[in-house]
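Below: one structure, written as structure tokens.
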Amino acid sequence: KAGVTQTPRYLIKTRGQQVTLSCSPISGHRSVSWYQQTPGQGLQFLFEYFSETQRNKGNFPGRFSGRQFSNSRSEMNVSTLELGDSALYLCASSPDRGDQPQHFGDGTRLSIL
Amino acid sequence: AQSVTQLGSHVSVSEGALVLLRCNYSSSVPPYLFWYVQYPNQGLQLLLKYTSAATLVKGINGFEAEFKKSETSFHLTKPSAHMSDAAEYFCAVNRDDKIIFGKGTRLHILP
Numbered sequence: 008k009a010g011v012t013q014t015p016r017y018l019i020k021t022r023g024q025q026v027t028l029s030c031s032p033i034s035g036h037r038s039v040s041w042y043q044q045t046p047g048q049g050l051q052f053l054f055e056y057f058s059e060t061q062r063n064k065g066n067f068p069g070r071f072s073g074r075q076f077s078n079s080r081s082e083m084n085v086s087t088l089e090l091g092d093s094a095l096y097l098c099a100s101s102p103d104r105g106d107q108p109q110h111f112g113d114g115t116r117l118s119i120l
Numbered sequence: 002a003q004s005v006t007q008l009g010s011h012v013s014v015s016e017g018a019l020v021l022l023r024c025n026y027s028s029s030v031p032p033y034l035f036w037y038v039q040y041p042n043q044g045l046q047l048l049l050k051y052t053s054a055a056t057l058v059k060g061i062n063g064f065e066a067e068f069k070k071s072e073t074s075f076h077l078t079k080p081s082a083h084m085s086d087a088a089e090y091f092c093a094v095n096r097d098d099k100i101i102f103g104k105g106t107r108l109h110i111l112p
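As structure tokens, this is what we get:
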């Protein structure tokens, strides 16, 4: 069974640009959660999607958004990038609830110049 | 609100020695608790989970954790450290239908 796949693995952008990250969950998993990981703040919850609906949201500005498609694949978008958005973005999937043990992808490393 | 506190951002142990990583949770009711491990340039991998079925939980790679309600703790242990255990370890708790992670403890193994 394939694991959670995140693309791309690495991304370099400049301030003011926007970026879209992709996540394909484990087959059959319907819940997809996104996290931002930085050395200073650790792992912070961004949002969770289930059946194409955002079910839970963390404390991030509106520049961070996401969506989920009918096949459970998910994308997150960050607009008007800031230097502080440099981080490892992790996607995780679980069968149906965001508070169940989650399976993580290897992340997308986003660097803002 | 539930949260977890991991004591020690860095822990060093000698190869073959006992590994003890500390985690305390704050909750009025026993929560679901998890330990995850993260190797360099990878995502997180579930080590074990506590779901109230048993207080001593065995996980992968020889790790185990004991839930102690009286101490609100869920410390992670391994009897004998191996070089391959060098990684960052996260304690986590479920809260409001999502998982909240501790700040993490980086485990260093000394030869």
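Protein chains in written order, with the numbering used here: chain A, 8 to 120; chain B, 2 to 112. By construction, the Cβ of each residue, glycine as well, lies at the ideal position given by its N, Cα and C atoms. On a predicted model such as this, the values are computed, not experimentally measured, just so you know.
Partners in chain B for ASP113(A), counting only beta-carbon separations shorter than 9 Å
Under the 9 Å cutoff, chain B gives ASN42, GLN43, GLY44.
I'd like to know whether the C-beta of PRO108(A) is nearer than 7 Å to at least one C-beta of chain B.
Answer yes: the Cβ-Cβ gap between PRO108(A) and chain B drops below 7 Å somewhere.
Counterpart residues of LEU57(B) in DSSP-defined beta bridges
Bridge partners of LEU57(B): GLU67(B).
Would LEU90(A) and GLN24(A) be called neighbours here (beta carbons separated by less than 7 Å)?
Contact check for LEU90(A) against GLN24(A) fails: the beta carbons are separated by 7 Å or more.
What's the gap between the Cα of GLU98(A) and the Cα of VAL85(A)?
Correcting the residue type first, residue 98(A) is Cys in the shown sequence and not Glu. Each residue's alpha carbon lies about 15 Å from the other.
Just mark SER40(A) as buried or exposed, buried being the case when its beta carbon has 16 or more other beta carbons within 10 Å.
Counting of Cβ neighbours within 10 angstroms places SER40(A) among the buried residues, the total reaching 16 or more.
What residue from SER74(B), VAL20(B), LEU19(B), ALA88(B) has the CA that sits closest to TYR37(B)'s CA?
Here the closest residue by C-alpha is ALA88(B).
Is the region 4–11 of chain B touching the region 94–111 of chain B in the sense that three or more CB pairs, one from each, lie closer than 8 Å?
Yes: the two stretches touch, three or more of their Cβ pairs being nearer than 8 Å.
Only counting runs of 4 or more residues, tell me where the alpha helix (DSSP H) segments fall wholly within the region 74–116 of chain A, in order along the chain.
Here no run is fully enclosed.
Since GLY49(A) is in the beta strand (DSSP E), which residue starts that stretch and which ends it?
Segment 49–57, the beta strand (DSSP E) holding GLY49(A).
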